[in-house]
């Protein structure tokens, strides 16, 4: 090789390009905010489309029109998008002040739904979970699930779990959440009770609670499930159907296993490409609750394997981006808020998908942002607006907006520029207050005097503790 010849640079492999692209995406300012909006609106769009298709039969027989229930769902989605806008527009500081009122309203509604004549439900499953307000239905447990996560972010932010006493903030939160959990259990809605309990457990874990608290809750939950399994009744039959489905043998296909069996048939009919939008056969009174609890089976039948996989990937991406938003948040309140809102929606989605495909017992909870629902759609979409609000308040996002202006979406919908969290004011020292030690001396007393003979600190240690 001559001196003038040069070695050609090594071409980048596919893995190197993927890692480089991932690193650039990780450092991109405002990416979480954009991705969250895209995922949420995509899921809402899929939900509206599938409700139009899955509600045709029941809408024709119950309301006298093919599109009546679908149009009602469009109204709920529109109100949910209005709540999404409010969730984006309100400042986290103002939201934190409103959380105690939201929790109080949730508890009042949870009590009201248990009053005979006020709350209604489904007689076949023994639940009483709804309050009807004219043409609309209100499910207080949906509001309680969101409220308990927001309440945990409010009272547990910047707190440490020091004892198991009632006065400890973690124990106080656990007691209040336990009361709300029992009120949901008394309604007979064990599916929502499971979703509520998962939000509480993950809130405590993210806040840094002692391991004994979630362990105790987990043991209590397992004992409750065993009690339900051994007590008999339709809930016990659901567990028996679940274990039969795991081995591929549903014995009672015309009784307790009818819904699960029809759901499996719907998924099998869809194949890889699906039968086409609007061409489902199961929605014509073969599959109960086709537009609600088992709408994922209709997704799999009409859109096929790829459609079901797309929904699963979207919820997984929502969980990933939501938790990354929590890690990048300005303070611990916003971090806990983003984490609990994300976990609440994602766990509910995977519990619903899990029992439709036979991995979990049927619990009766809906698929968020996709199933037909009244106030559940409004509350869920509104909570996603709060999650996007936290993403807007990431430090990199605030800096990008201050330098390059607001995104087009924010300008179109009159959403102001996010402001950084103000620093807490320093307490003024009184006349007899002890003067503050110099910073170097405080650091020296905390970390000890230098052990080197010259008394010189290493630059690396100086940068670390500065």
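Numbering (the working numbering), first residue to last: 1283 to 1748. The beta carbon of each residue, even a glycine, is placed where N, CA and C say it ideally should be.
Look at residue 1700 here: in three-state DSSP terms it is coil, with no helix or strand label. Under DSSP, residue 1418 takes part in a beta bridge, and its partners are 1415. Going by beta carbons, residue 1651 and residue 1627 fall inside the 9 Å limit.
Shown here for residue 1312: same chain residues with a beta carbon closer than 6 Å to its own, the five before and five after excluded, namely 1679 and 1682 in chain order. If you look at residue 1602, you'll find it in the alpha helix (DSSP H) that goes 1577 to 1610. The alpha-carbon separation between residue 1387 and residue 1425 amounts to approximately 9 Å. Note that the C-beta distance between residue 1486 and residue 1456 is below 9 Å. When C-beta atoms of the stretch 1458 to 1469 are compared with those of the stretch 1642 to 1662, fewer than three pairs fall below 8 Å, so the two segments do not count as touching. In the assembly as shown, residue 1565 is a buried residue. Its beta-carbon has 16 or more other beta-carbons within 10 Å. Unbroken alpha helix (DSSP H) runs of no fewer than 4 residues, entirely contained in the stretch 1540 to 1570, are found at 1540 to 1552, following chain order.
If you ignore the 5 residues before and after residue 1555, its C-beta comes within less than 6 Å of the C-beta of 1586, all in its own chain and listed in chain order. A Cβ-Cβ distance of about 17 Å is found for the pair residue 1649 and residue 1604, leaving them out of contact under the 8 Å criterion.
Annotated three-state conformation of residue 1351 is helix, per DSSP. Excluding its 5 nearest sequence neighbours in each direction, residue 1677 has C-beta neighbours in its own chain below 8 Å: 1610, 1612 and 1702, listed in chain order. With a cutoff of 9 Å on beta-carbon distance, residue 1548 and residue 1576 are scored as near each other.
Each residue's CA atom was taken as its position, placing residue 1546 and residue 1561 some 17 Å apart. Counting C-beta pairs closer than 8 Å gives three or more between the stretch 1323 to 1342 and the stretch 1583 to 1600, which meets the contact rule. With a cutoff of 9 Å on beta-carbon distance, residue 1373 and residue 1580 are scored as not near each other. Taking residue 1320 as reference, the option from 1294, 1666 and 1342 with the minimal CA-CA separation is 1666. Where residue 1453 is concerned, the enclosing alpha helix (DSSP H) starts and stops at 1451 to 1468.
Per DSSP, reduced to three states, the secondary structure at residue 1645 is coil, with no helix or strand assignment.
The DSSP-derived three-state label of residue 1398 is strand. Cβ atoms of residue 1619 and residue 1672 come within 8 Å of each other, at about 6 Å. The continuous alpha helix (DSSP H) containing residue 1323 extends over residues 1313 to 1336.
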